[in-house]
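Novice: Dropping the structure in here first, questions after.
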Amino acid sequence: MTPTLAESAALIQPELVALRRAVHEEPEIGLDLPLTQAKVLAALEGLGLEVSVGEKLSSVTAVLRGGRPGPAVLLRADMDALPVQETSGLPFASRIPGAMHACGHDLHVAGLVGAAKL
């Protein structure tokens, strides 16, 4: 029997939580995001997507082509952090002084990787 979408999502939840925390621990400010880009590329590896990276920006693009022509759907997420000192004390708190994922971009990244995997 084919698992439901919810069952499939539950199976990858631990992996996505780990990715979100890894991105949160090493926030990068601005448009040069090599650590974040590398984490995203590693997470997308082996999914059969057409993956490319930006020449001047640390962007990642992954394309899934359907079997028929038709409308396209775009999912996107910001990956940059803010110049904020994290004081949460969480085990996965930012290890970079003066930088933090304070507005959820770490979660956006993990969510889009999850969408790609599903």
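According to the working numbering, numbering within the sequence shown proceeds without interruption in unit steps and concludes at 130.
In this text, a Cβ means the ideal position worked out from N, Cα and C, and glycines have one as well.
Since this is a predicted model, take the numbers as computed values, not measurements.
1. How many angstroms separate the CA atom of Ala21 from the CA atom of Gly123?
2. Is the separation between the beta-carbon of His36 and that of Asp90 shorter than 9 Å?
3. Report buried or exposed for Lys68, applying the criterion of at least 16 other Cβ atoms within 10 angstroms of its Cβ.
4. Would you kindly work out how many angstroms separate the C-alpha atoms of Leu53 and Met13, rounded to a whole number?
5. Pull up the DSSP beta-bridge partners for Leu94, would you.
6. Using a Cβ-Cβ cut-off of 7 Å (strictly less than) and excluding sequence neighbours within five positions of Gln49, which residues of its own chain qualify?
7. Give me whichever residues DSSP pairs with Ala74 in a beta bridge.
8. Just the C-alpha distance for Leu56 and Asp92, rounded to the nearest angstrom, thanks.
9. Within 10 angstroms of the Cβ of Pro39, are there 16 or more other Cβ atoms? Answer buried if so, exposed if not.
10. Hey, would you say Leu59 sits closer than 9 Å to Lys129, going by beta carbons?
11. Please determine, among Val125, Gln25, Ala111, Ala84, the residue with the shortest C-alpha to C-alpha distance to Val96.
12. How many angstroms separate the CA atom of Leu43 from the CA atom of Leu23?
Specialist: Taking the coordinates as given:
1. Residue numbering aside, residue 21 sits at position 9 when the sequence shown is read from its first letter. Residue numbering aside, residue 123 sits at position 111 when the sequence shown is read from its first letter. For Ala21 and Gly123, the distance between alpha carbons rounds to 11 Å.
2. Translated into the one-based positions of the sequence shown, residue 36 becomes position 24. Translated into the one-based positions of the sequence shown, residue 90 becomes position 78. Going by C-beta atoms, His36 is not nearer than 9 Å to Asp90.
3. Counting from 1 along the sequence shown, the entry for residue 68 is found at position 56. Lys68 sits exposed, since fewer than 16 C-beta atoms from the chains shown fall within 10 Å of its C-beta.
4. If you number the sequence shown from 1, residue 53 lands on position 41. If you number the sequence shown from 1, residue 13 lands on position 1. In a straight line, the C-alpha of Leu53 is about 31 Å away from that of Met13.
5. Your numbering for residue 94 matches position 82 in the sequence shown. Leu94 pairs with Met112.
6. As a working mapping, residue 49 is identified with position 37 in the sequence shown. Same-chain partners within the cutoff: Val65, Ser70, Val72.
7. Start at 1 with the first residue of the sequence shown, and residue 74 comes out as number 62. Its beta-bridge partners are Val63.
8. Along the sequence shown, one-based indexing puts residue 56 at 44. Along the sequence shown, one-based indexing puts residue 92 at 80. Between Leu56 and Asp92, the C-alpha separation is close to 18 Å.
9. Counting from 1 along the sequence shown, the entry for residue 39 is found at position 27. Burial call: buried.
10. Position 47 of the sequence shown, counted from the start, is the residue given in the question as residue 59. Position 117 of the sequence shown, counted from the start, is the residue given in the question as residue 129. In contact: Leu59 and Lys129 (Cβ atoms closer than 9 Å).
11. For the purposes of this step, residue 96 is taken as the residue at position 84 of the sequence shown. Per the Cα distances, Ala111.
12. Within the sequence shown, the letter at position 31 stands for residue 43. Within the sequence shown, the letter at position 11 stands for residue 23. One C-alpha to the other measures close to 32 Å.
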